[in-house]
Every structure is written in structure tokens, then in C-alpha cells.
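According to the numbering used here, the stretch in the sequence shown is residues 1 to 198, in order.
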Amino acid sequence: MKMKHLFIAFCLVVFLVPAIAQNTWKSSDYKAESYRKVMVYAKVSDAVARHQLEDNTVKLLTDKGIVAITAYANVKQARVASREAFLAIADSLQVDALLVYSVNGTEKRAQNTPTLSVGVGVGMYGGYAGASVPIAGGMKMVTDVKLSVDFYNRASRDEQWAWQLSGTLNGGTDKLAYTFAKATVKAMLKDGLFITKK
Numbered sequence: 001m002k003m004k005h006l007f008i009a010f011c012l013v014v015f016l017v018p019a020i021a022q023n024t025w026k027s028s029d030y031k032a033e034s035y036r037k038v039m040v041y042a043k044v045s046d047a048v049a050r051h052q053l054e055d056n057t058v059k060l061l062t063d064k065g066i067v068a069i070t071a072y073a074n075v076k077q078a079r080v081a082s083r084e085a086f087l088a089i090a091d092s093l094q095v096d097a098l099l100v101y102s103v104n105g106t107e108k109r110a111q112n113t114p115t116l117s118v119g120v121g122v123g124m125y126g127g128y129a130g131a132s133v134p135i136a137g138g139m140k141m142v143t144d145v146k147l148s149v150d151f152y153n154r155a156s157r158d159e160q161w162a163w164q165l166s167g168t169l170n171g172g173t174d175k176l177a178y179t180f181a182k183a184t185v186k187a188m189l190k191d192g193l194f195i196t197k198k
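Listed below in C-alpha cells is the structure:
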């Protein structure tokens, strides 16, 4: 019985680690800064997923002492005509850096999940008949998501830091959005992109 519980716990851990990442890239002349604000922008067509990704990233950055804001709540234009127009918006919001998530591709596939069974038995007049009935598991459709993350600042026209992430969307977008945000913030801090106030 103990071995069965260990196996179920192992399966849960394996299936709850959806983000796989390659190495990050950082511009050779990048110097860490203390930005007034970092704007987080997720170029994601689903509004709920966009909000989740931006909100989670902003919260995690803020928890580390980096002032950050979401693009969805602060930029009302769907498209900005030029770099100069965006810089004018950034100036009005005191934004010095921009973190952009972009979806590079999605692919649906069938995934076999572990079967969880429960024993069912019927006893009568001293006899007993039993069977195992599956209550969960089998084949289901999941979506593999590839995401790129780019970091820009006012000091340069080009990206200063980049990363590629991939993960599996299994149900709602909330868990994957949090996992992507957490992995991104951790990688940015590890690569020394910020001079933190904390």
C-alpha cells in the first residue's frame, strides 16, 4: 500500500512540472540597472491567459523588490504606431524596461494518463464478488506551448535578454501561466538583470 502511494506521489510530481527551458541569452554589454518600472506584456490571444501571465510575473517581480506593471491594465491602445509613440506612453508611466512574452507555437497531442481504480465488491450469504473499476485516467488531449521571452530597456533598441520556454497546457491556463512567470523571474534574477531595492 505504501509503494502505491509513493508511485502516485511520483506521478503527480512528474505531471506538475510543465516548464522545460533552454539556456538564456544576455547581451554582452548589458549592465544591471535599477529601473523605475518594468512593464510586462504577454502577446497572447486569450485574454484570461494574458492577464494570468502578466499578473503572475508582476507579482513575482514585485515580491523581489522590482517595481512592475501589467500592459493590459496600463496601455489602452491595441497597437502603437512607432517606437517613439511607445516611448511617449512609457514616459507617462515611468517605464524604463519591457518584458515581452510571445507564443511561438502550440501543438495538440494525446497523452496517456495513469489510471486510478477503486475496488467495488458485493457480499451476500457468505459469498463475495469484487472488481476494480477505473475512475480516472486514460487518454486525453493536451496542448504543448512554446513561448519566447524578451527583455528590452531604454538604453538599447535591441533585446537585452532572451529565453525560450515550453510547457504542457493540461486543463486551465492558470498553472502553466504561473509556472512560466516563476521560471522567467527566477532566470532573470539569476542572470543579474536588476539592481534590486530589497
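We put the beta carbon where it would ideally sit given N, CA and C, even for glycine.
Secondary-structure assignment with DSSP links Arg109 through a beta bridge to Val142. Burial state of Ile195 is exposed, judged by a 10 Å Cβ sphere holding fewer than 16 other Cβ atoms. Straight through space, the alpha carbons of Ala81 and Lys37 are spaced by roughly 22 angstroms. DSSP, read as helix, strand or coil, puts Asp150 in strand. Just measuring C-alpha positions, the residue of Val75, Gly105, Leu61, Gln94 sitting nearest Leu147 is Gly105. Closest option to Ser102, judged by alpha-carbon separation, among Val67, Lys31, Val145: Val145. A direct Cα-Cα distance of roughly 10 angstroms separates Val48 from Asp55. Between the segment 54-72 and the segment 25-33, the count of Cβ pairs shorter than 8 angstroms is below three; the stretches do not touch. In the three-state DSSP reduction, Ser102 falls in the strand class (E or B).
Restricting attention to beta strand (DSSP E) runs no shorter than 3 residues, the segment 37-63 encloses them at 38-43, ordered along the chain. Take Asn112, set aside five residues on each side of it, and the residues of its chain with a beta-carbon closer than 6 angstroms to its own are Met139, in chain order.
Residue pairing by DSSP leaves Leu189 without any beta bridge partner.
For Thr24, the three-state secondary structure derived from DSSP is coil.
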